[in-house]
Every structure is written in C-alpha cells, then in structure tokens.
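Numbered per the numbering used here, the sequence shown finishes at 572, counting up by one with no gaps. Ideal placement from N, C-alpha and C gives every residue a C-beta, glycine not left out.
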Amino acid sequence: MWIIKRLERLGRMAQLLVETFSLLLRGRIDWREVFSHMVSLGVDSLPLVLLISGFTGMVFSFQVSQEFSRLGLASLSGQLMGMAVIRELGPVLAGVAIAGRAGSAIAAEIGSMKVTDQVDALRSLATDPVEYLVVPRTVACAVMVPVLTIFSNAISLFGGYLVAVYGFRVVPVVFWDGAAQFVSTWDLVGSLVKGLAFGILVALIGSDCGLNASEGAQGVGRATFSAVVSSLVAVFAADYVLSLLWFR
C-alpha cells in the first residue's frame, strides 16, 4: 500500500513536471507573479540562508582546522573549505533553507486554496491552476535558489575564514589562495546547477502537496509537513546524483 502511494505520487510529480515545462516552453508565464514570488520565496529567505551557512561554515572550519593543526597542516584548511563549500555545503544549505521556508509556504498557500475550492473556481473560469499557481513559483525558485547558493557559498567561506585565521592562526592570504587553488570554474557552475535543480524540486513538490491537500485545516497541515519532508529528502538525493554526475 505504501509503495503504491509513493508510485502514484511520483506519477503525479512527473505529470506536473511535464505540464510545467510545457507551459514554460510556450511562454505562458505571468512575470508579475514571478517577481512577487521571487521576493517572498527568495529574498525573504536570505537571512535564514546567511545564518545557517555562516554557522555551518564556522563549525566545519573549526573541525577541519583543529584536526589539521594537530598534524601541522592548518594552512591546508582553506583548500578543503573551498572545495567542500562550493561543491556541497553551499548549495545544500541553500536547498535546505528553501525547502523549509519556501516549500512549506507553497504547500500552505496552494493547499489553503484547494480546501476552500479556489482551485476549482480557477478551473471553472477556464484558468489552468498549473499555469496560474505552479509556473510562477517554479520559475521564482529556479531563479532565486542559485542566487541564494552564491550567498551561501560566500558566507560559509567567510565564516570558515574567521575561525581558521583568528582561531588557528592561519595566514589570511594562505587561506584564500588555498581555497582558490582547489575551486575551478566547473565547481562553481556545478554549484549553481545544484541550486537550480533544488529550486525546481522544492517548488514542484510543494505545489503537488498543495494541489492534493485533503479537506480541512488538518489536510493543509499534513500537506505542509509532507512538502517539507519530501523536499528535504529530494534535495539530499538530488545532491548525491548531481555530485556523482558532475564531479566524477
């Protein structure tokens, strides 16, 4: 029974993905709605991304620098920080933040519209709910999560820099030179590609959960919870697959 439900959901997600990209290719995009969601889902998530990324970068740098300093290799912390942050930490932390904040918001908004029959009202007015509700949110997340990834990369590296330099006496120039030495253009592009994929996944999962919310306030709550959990799982699963394909 559980497997059947999961397969049904995957089928719905695939159908929603095809419908969304079909509308995108035909240029059926309400840019005013897109810009509105870019602010509410992306810009408003920036403080959370900065906080999570800053502290995670500091903790990671502390662990790395501490172990390297015992081996007399503290100067190498910048190299490991640069590679780890750009390839993994930055995009994943941005994806986690957007899954928790934007994924829940999308599911709650669309779920509330579903249980109050607003989605059915759109259909009765010959308005495609996917075009009106899903496409703008998907485009907004696809644009903003790579931007948030850039900020996440920067603040994670800066937090790691502060700990390495002021906590373990790593020379600042050595830290930044090491980070730059181990980060290539391919790594930077891969980081943004991950952000793009995470944004699309979170938007589609949140939209699917909202469109299939059951009746009542409890149904909206379950849809929101399911959106967050599913988005987090999807982010980590996609991160593994993309890392396997991009950085081999």
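(request) With distances taken Cα to Cα, identify the nearest neighbour of residue 404 among 419, 430, 388. (result) Working through the sequence shown from its first residue, we reach residue 404 at position 80. Nearest C-alpha to residue 404: 388.
(message) Tell me which residue opens and which closes the alpha helix (DSSP H) that residue 362 is part of.
(response) For the purposes of this step, residue 362 is taken as residue 38 along the sequence shown, with counting starting at 1. DSSP places residue 362 outside any alpha helix (DSSP H), giving it a letter other than H or E.
(message) Please classify residue 466 as buried or exposed, where buried requires at least 16 other C-beta atoms within 10 Å of its C-beta.
(response) Here residue 466 is taken as the residue at index 142 of the sequence shown, counted from 1. Buried, since its Cβ has 16 or more Cβ neighbours within 10 Å.
(message) Applying the 10 Å Cβ sphere with the 16-neighbour rule, what's the burial state of residue 448?
(response) Stepping through the sequence shown from its first residue, residue 448 is reached at position 124. Answer is exposed; the Cβ neighbour count stays below 16.
(request) To the nearest angstrom, report how far apart residue 477 and residue 501 are at their CA atoms. (result) Counted from its first residue, the sequence shown places residue 477 at position 153. Counted from its first residue, the sequence shown places residue 501 at position 177. Those two C-alpha atoms are separated by around 16 Å.
(request) Could you tell me whether the Cβ atoms of residue 347 and residue 455 are closer together than 7 Å? (result) Against the sequence shown, residue 347 aligns to sequence position 23. Against the sequence shown, residue 455 aligns to sequence position 131. Yes, these two residues count as a Cβ contact at 7 Å.
(request) Starting from the N-terminal side, write out each stretch of the beta strand (DSSP E) that is 3 residues or longer and does not extend beyond the region 422-504. (result) Within the region 422-504, no beta strand (DSSP E) run of at least 3 residues lies entirely inside it.
(message) Rounded to whole angstroms, what is the Cα-Cα separation between residue 481 and residue 566?
(response) Residue 481 sits at position 157 when you count from the first residue of the sequence shown. Residue 566 sits at position 242 when you count from the first residue of the sequence shown. Taking the Cα positions, residue 481 is about 22 Å away from residue 566.
(message) Quick check on the burial criterion: 16 or more other C-beta atoms within 10 angstroms. Buried or exposed for residue 385?
(response) Taking the sequence shown and counting its residues from 1, the one referred to as residue 385 is at position 61. By the Cβ neighbour-count rule, residue 385 is buried, with 16 or more other Cβ atoms within 10 Å of its own.
(request) Would you grab the beta carbon distance between residue 379 and residue 530 for me? Rounded to a whole angstrom, and I think it's under 8 Å. (result) Here the question's residue 379 lines up with position 55 in the sequence shown. Here the question's residue 530 lines up with position 206 in the sequence shown. Rounded to the nearest angstrom, the Cβ distance from residue 379 to residue 530 is 26 Å, too far for a contact under 8 Å.
(message) Measuring only the C-alpha atoms, how far is residue 535 from residue 528?
(response) As a first step, residue 535 must be located in the sequence shown, where it is residue number 211. As a first step, residue 528 must be located in the sequence shown, where it is residue number 204. Residue 535 and residue 528 have their C-alpha atoms spaced approximately 10 Å apart.
(message) Taking the straight line between their C-alpha atoms, what separation do you get for residue 461 and residue 362?
(response) As a working mapping, residue 461 is identified with position 137 in the sequence shown. As a working mapping, residue 362 is identified with position 38 in the sequence shown. Rounded to the nearest angstrom, the two C-alpha atoms are 8 Å apart.
(request) May I ask whether a heavy atom of the ligand PLP can be found less than 6 Å away from the beta carbon of residue 331? (result) This structure lacks the ligand PLP; in fact it carries no ligand of any kind.
(request) Figure out for me which residue from 371, 355, 505, 383 has the closest Cα to the Cα of residue 485. (result) In the sequence shown, the residue the question calls residue 485 occupies position 161. Ranking the options by Cα distance to residue 485, first place goes to 383.
(message) Suppose you measure from the CA of residue 400 to the CA of residue 562; what does that come to, to the nearest Å?
(response) What you label residue 400 is simply residue 76 of the sequence shown in a count that begins at 1. What you label residue 562 is simply residue 238 of the sequence shown in a count that begins at 1. When rounded, the distance between both Cα atoms is 29 Å.
(message) What does the alpha-carbon distance come out to for the pair residue 512 and residue 410?
(response) Along the sequence shown, one-based indexing puts residue 512 at 188. Along the sequence shown, one-based indexing puts residue 410 at 86. Cα to Cα, residue 512 sits roughly 6 Å from residue 410.
(request) Report yes if the C-beta distance between residue 494 and residue 503 is below 7 Å; otherwise report no. (result) Start at 1 with the first residue of the sequence shown, and residue 494 comes out as number 170. Start at 1 with the first residue of the sequence shown, and residue 503 comes out as number 179. No, the pair does not count as a contact, with Cβ atoms beyond the cut-off.
(request) Within the same chain, show all residues whose beta-carbon is closer than 6 Å to that of residue 351, passing over the 5 residues directly before and after it, in chain order. (result) Position 27 of the sequence shown, counted from the first residue, corresponds to residue 351. Apart from sequence neighbours up to five positions away, no residue of its chain approaches residue 351 with a beta-carbon distance below 6 Å.
(message) Taking the beta carbon of residue 438 as the centre, do at least 16 other beta carbons fall within 10 Å, making it buried, or is it exposed?
(response) Counting from 1 along the sequence shown, the entry for residue 438 is found at position 114. By the C-beta density criterion, residue 438 is buried, having at least 16 other C-beta atoms within 10 angstroms.
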